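Here's the structure, in structure tokens; my notes come after.
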Amino acid sequence: MTSQTRTSPMTGSVCGGGVGQYRANVIGRLGKGVAMNKLRTLADVLRQAGFARITGLFLVFYLLCSTAVWLSDPATLTFGDGLWFSFETVSTIGFGDIPAETPVARAITVVLSVISIFYIAMLTGVAVNYCNTLIKMRQKDTMARFMDDLEHLEELDRDELADLSRRVREYRRRQR
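For reference, each letter of the sequence shown is one residue, going 5 to 180 in my numbering.
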């Protein structure tokens with residue numbers, strides 16, 4: 005293989021046109037998969053957290069609480085009022101247009117409030133975990149590109165060597 009061609013670590017195919025063309029080919033292929041990779045990562049994070057099961061249980065609990073609020077005073081409340089009251093409680097809006105007047109409705113409000121706080125905390129945790137996973141993936145990709153440049157040092161031109169040197173200095177500065 006000449007210095008103008010290189011085997012792609014992604015596909016095993018030979019890329020002609022030097023290092024710059026090689027990078028353009030790799031970046032082009034990587035760019036197409038970035039969105040799918042992020043969606044796949046999100047799905048993995050949600051699955052690891054048990055998000056579907058917990059959300060399903062939360063929705064069942066929400067509907068049960070809405071029904072219980074409605075049944076606590078069916079003469080003045082509709083099922084829609086029970087749903088609205090539960091939504092106000094879960095979202096902490098609390099307009100006050102439907103008050104919890106019966107002891108049952110008040111007890112349900114307390115329990116639903118506590119459960120919804122835990123559910124929202126779980127949502128926050130899932131979002132943080134997703135962001136941390138993306139950061140780790142980005143760091144891994146950066147290190148892979150850096151290692152690729154080091155493996156093919158003799159093929160780099162003066163500008164690419166200067167860029168590599170700058171990146172090493174930045175990396176060392178961040179590690180302190």
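Positions of the beta carbon are idealized from the N, C-alpha and C atoms, including for glycine. All values derive from a computational prediction rather than experimental measurement.
Whole-number beta carbon distance between Tyr134 and Val49, since they are thought to touch under 8 Å: Confirmed, about 5 Å.
Simplified DSSP assignment, three categories, for Glu105: Coil, per DSSP.
Given 8 Å, three or more beta-carbon pairs between the stretch 84 to 93 and the stretch 104 to 124: Touching, yes, given that three or more Cβ pairs across the two stretches are closer than 8 Å.
Proximity below 9 Å, CB of Asp77 to CB of Thr45: Contact: no.
DSSP-derived helix/strand/coil call for Thr82: Coil, per DSSP.
Buried versus exposed call for Gly86 [16 or more other C-beta atoms within 10 Å across all chains shown]: Buried, by the Cβ-count rule.
Span separating the alpha-carbon of His156 from that of Met126: Between His156 and Met126, the C-alpha separation is close to 45 Å.
Closest residue to Arg110 among Ser70, Tyr123, Ser95 (Cα-Cα distance): Comparing Cα-Cα distances from Arg110 to each of Ser70, Tyr123, Ser95, the minimum goes to Ser70.
Beta-carbon separation (whole angstroms), Tyr123 vs Phe55, contact threshold 8 Å: Wrong, their Cβ atoms sit about 10 Å apart, outside the cutoff.
Contacting residues, own chain, Cβ-Cβ under 6 Å from Asp145 (five flanking each side not counted): Around Asp145: no qualifying Cβ.
With 16 other Cβ atoms within 10 Å as the buried cut-off, status of Ser169: Within 10 angstroms of the beta-carbon of Ser169 lie fewer than 16 other beta-carbons, which makes it exposed.
6 Å CB neighbourhood of Ala53 in its chain, flanking five on each side removed: Counting only Cβ-Cβ distances below 6 Å, and skipping sequence neighbours, we find Val130.
Span separating the alpha-carbon of Ile139 from that of Thr80: Whole-angstrom Cα-Cα distance: 53 Å.
Continuous alpha helix (DSSP H) assignments of at least 4 residues falling wholly in the stretch 103 to 145: The qualifying runs do not exist here; there are none.
Helix, strand or coil at Thr96 according to DSSP, with G and I counted as helix: Here Thr96 sits in coil by DSSP.
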